[in-house]
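Enquirer:
In the working numbering, the protein residues as written are 525 to 879.
Written out as structure tokens, the structure is:
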């Protein structure tokens, strides 16, 4: 009996390698099935559900958003079935903390990996914002709002007078210093402030080369910009700007009231009373911007002038004219005497009103 037992033990040891091979094959088969399933799941869920030719979808990523919240947004938009996958993908690539806020345009067949890359690179939507000459801060804020930017954030940034303090220590806001132009701006949460900074930089680029000429006029930069904002609103004809500037400068030198309608309109806007018409009662409005009551320039700019209006104030036409009146065709008649001016008013305004 004792001699047969070792033989059985050796038999069992010889059978063990075959059982191990079968176990390995089972494990490999199972792993293959799991990997195949995982790969199929990745292929199914990683594709962002956008048809070729379908309109772009906008993804808004606020400041402080993480991969979890972005994944939920993508799922809510119907662009992925599983929000978790976006978070896993971001963590596996080590970019969870590198996702940039802003507005993104998603179009065409995309994968979550491609969306993730867009957010890491900050490929946000860019907008062209055009600000016409003569607009006030509030009107520019409305333009900004119309382009999808935060109006309140823009006005808050426009209250930062440190941007212009070296040129205008008296500035209480950036009225007059937000240079009108077309700006290409990325659609990010910081876009309103970035726009304000760029507009002031543009103003500096235009006015900087004229600082010597401004000193020779005897006017401060604030006075130049204030008068230029009036000139901008008084005429749309480039060839008239230097003459309009000369009229107002001549009036200032003689101590005459400027009596300019754009200043009344600005005063009415600040009082919340502007309805599109100036009435006789409005000429008595108690406002420092009312140039029918108060001598000299208004206390500050009444809009943001362009380059040509600024240059017109620096280099006014060599004329003694003190008056001008609209011909109702976009042009004006200029005169040196009140008698000639009254005749022009009768010719272009009173007779027109009577008809």
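Glycine included, C-beta positions come from ideal geometry on N, C-alpha and C.
Would you identify the three-state DSSP class for residue 749, choosing helix, strand or coil?
Expert: It is helical.
Enquirer: Just confirm the distance between the C-beta atoms of residue 657 and residue 829, as a whole number of angstroms; I'd bet it's less than 8 Å.
Expert: Confirmed, about 6 Å.
Enquirer: With 16 as the cutoff for other CB atoms within 10 Å, does residue 725 come out buried or exposed?
Expert: So residue 725 counts as exposed.
Enquirer: Spatial neighbours of residue 755 within its chain, please: C-beta separation below 6 Å, excluding the five flanking residues on both sides.
Expert: Within the same chain, residue 755 has close Cβ partners 765, 768, 769, 833, 836.
Enquirer: Quick one: what's got a C-beta closer than 6 Å to residue 673's C-beta in the same chain, skipping five residues either side?
Expert: Cβ neighbours of residue 673 beyond the five flanking positions: 715, 716.
Enquirer: Let me know the secondary structure DSSP gives residue 653 once reduced to three states.
Expert: Looking at residue 653 - three-state DSSP - the assignment turns out to be strand.
Enquirer: Taking only the alpha-carbon atoms, compute the straight-line gap between residue 925 and residue 647 and give it to the nearest angstrom.
Expert: In the structure as shown, the chain begins at 525 and stops at 879. Residue 925 is therefore absent and cannot be evaluated.
Enquirer: Which class does residue 784 belong to by DSSP, given the choice of helix, strand or coil?
Expert: Here residue 784 sits in coil by DSSP.
Enquirer: Need the endpoints of the alpha helix (DSSP H) that residue 741 sits in, please.
Expert: Looking at the DSSP string, the run of the alpha helix (DSSP H) that includes residue 741 is 735-741.
Enquirer: On the criterion of 16 or more Cβ atoms from any shown chain inside 10 Å, does residue 763 qualify as buried, or is it exposed?
Expert: Label assigned to residue 763: exposed.
Enquirer: Whose C-beta lies closer than 8 Å to the C-beta of residue 568 among residues of the same chain, with five residues either side of it excluded?
Expert: Confidence at residue 568 is low in this model, with a pLDDT of 47, below 50, so its placement is unreliable and no value can be given for it.
Enquirer: With 16 other CB atoms within 10 Å as the buried threshold, where does residue 814 fall?
Expert: Residue 814 should be labelled buried.
Enquirer: Just checking my contact of residue 645 with residue 710 at CB under 8 Å: how many whole Å lie between their CB atoms?
Expert: Contact flag wrong, Cβ pair sits at about 12 Å.
Enquirer: If you draw a straight line from the C-alpha of residue 688 to the C-alpha of residue 695, how long is it?
Expert: If I take the Cα positions, the gap works out to 8 Å.
Enquirer: In this structure, does DSSP put residue 859 in helix, strand or coil?
Expert: Strand at residue 859.
Enquirer: Considering just the uninterrupted stretch of the alpha helix (DSSP H) at residue 672, what are its terminal residues?
Expert: No alpha helix (DSSP H) holds residue 672; DSSP gives it neither H nor E.
Enquirer: By how many angstroms is the C-alpha of residue 817 removed from the C-alpha of residue 808?
Expert: Taking the straight line joining both Cα atoms gives about 7 Å.
Enquirer: Is it true that the CB of residue 598 sits closer than 7 Å to the CB of residue 614?
Expert: Result no, Cβ atoms of residue 614 and residue 598 do not sit closer than 7 Å.
Enquirer: For residue 845 versus residue 860, is the C-beta distance shorter than 7 Å?
Expert: In this structure, residue 860 lies closer than 7 Å to residue 845 by Cβ.
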